[in-house]
Amino acid sequence: MSRNRRPIIILIADDDAEDRMLVKDALDESRLTNQMQFVENGEELMDYLHNRNKYADKDKYPTPGLILLDLNMPKKDGREALKEIKSDEHLKVIPVVVLTTSKAEEDVLRTYNLGVSSFITKPVTFASLVDVMKTLSKYWFEIVELPKP
Numbered sequence: 001m002s003r004n005r006r007p008i009i010i011l012i013a014d015d016d017a018e019d020r021m022l023v024k025d026a027l028d029e030s031r032l033t034n035q036m037q038f039v040e041n042g043e044e045l046m047d048y049l050h051n052r053n054k055y056a057d058k059d060k061y062p063t064p065g066l067i068l069l070d071l072n073m074p075k076k077d078g079r080e081a082l083k084e085i086k087s088d089e090h091l092k093v094i095p096v097v098v099l100t101t102s103k104a105e106e107d108v109l110r111t112y113n114l115g116v117s118s119f120i121t122k123p124v125t126f127a128s129l130v131d132v133m134k135t136l137s138k139y140w141f142e143i144v145e146l147p148k149p
């Protein structure tokens, strides 16, 4: 029933390999068929979005339709990357969902002020993560209209 007929790439920015695997498994478990790309820090995220360095191949690394962003990453944290994304004329239309362990009210407020689309605290159990990913998938890929990349 999806109104979005084109494939939407999900770009997942998280420095923790286990968390990346869990998010991928949870998305797979929720029967999401969208292509997923992964980066490990804010610098890689910006390189991907600007097709620089190892992400120069635009066909291999297309513009994502949704970014899942961890806040606490090395080199450039998610807050800094979010600020850059939302201040860039071409990138600011990409929905960014913070998916982090942080529950700090300051992080919630700051990221919304920077233009984040949603703030989700990572669930503790895998079953809960699957539930969150199912809901997230249904909302972003079946209910809302996303801008074309």
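Be aware that the sequence shown starts at 1, since it is given in UniProt numbering, and climbs by one per residue. Here a beta-carbon is modelled for each residue, glycine too, at the ideal position from N, C-alpha and C.
Backbone secondary structure at residue i - three-state DSSP
{"i": "residue 94", "result": "coil"}
{"i": "residue 3", "result": "A caution first: residue 3 carries a pLDDT of 45, below 50, which makes its placement in the model too unreliable to give a value."}
{"i": "residue 121", "result": "strand"}
{"i": "residue 109", "result": "helix"}
{"i": "residue 135", "result": "helix"}
{"i": "residue 146", "result": "coil"}
{"i": "residue 99", "result": "strand"}
{"i": "residue 128", "result": "helix"}
Length of the line joining the Cα atoms of residue i and residue j
{"i": "residue 58", "j": "residue 51", "result": "6 angstroms"}
{"i": "residue 121", "j": "residue 128", "result": "11 angstroms"}
{"i": "residue 10", "j": "residue 65", "result": "6 angstroms"}
{"i": "residue 22", "j": "residue 90", "result": "30 angstroms"}
{"i": "residue 110", "j": "residue 101", "result": "15 angstroms"}
{"i": "residue 142", "j": "residue 26", "result": "18 angstroms"}
{"i": "residue 62", "j": "residue 44", "result": "14 angstroms"}
{"i": "residue 144", "j": "residue 95", "result": "11 angstroms"}
{"i": "residue 24", "j": "residue 32", "result": "10 angstroms"}
{"i": "residue 107", "j": "residue 54", "result": "30 angstroms"}
{"i": "residue 147", "j": "residue 104", "result": "30 angstroms"}
Own chain partners of residue i with C-beta closer than 6 angstroms, once the 5 adjacent residues on each side are dropped
{"i": "residue 114", "result": "82, 83, 86"}
{"i": "residue 38", "result": "12, 20"}
DSSP bridge partner residues for residue i (one or two, in chain order)
{"i": "residue 13", "result": "39, 69"}
Nearest to residue i (by Cα), restricted to the options the options
{"i": "residue 34", "options": "41, 12, 17, 80", "result": "12"}
{"i": "residue 98", "options": "39, 44, 112", "result": "112"}
{"i": "residue 14", "options": "67, 54, 8, 140", "result": "67"}
{"i": "residue 118", "options": "75, 77, 71", "result": "71"}
7 angstroms Cβ shell around residue i - same chain, five flanking residues per side excluded
{"i": "residue 30", "result": "130, 133, 134, 137"}
{"i": "residue 74", "result": "15, 41"}
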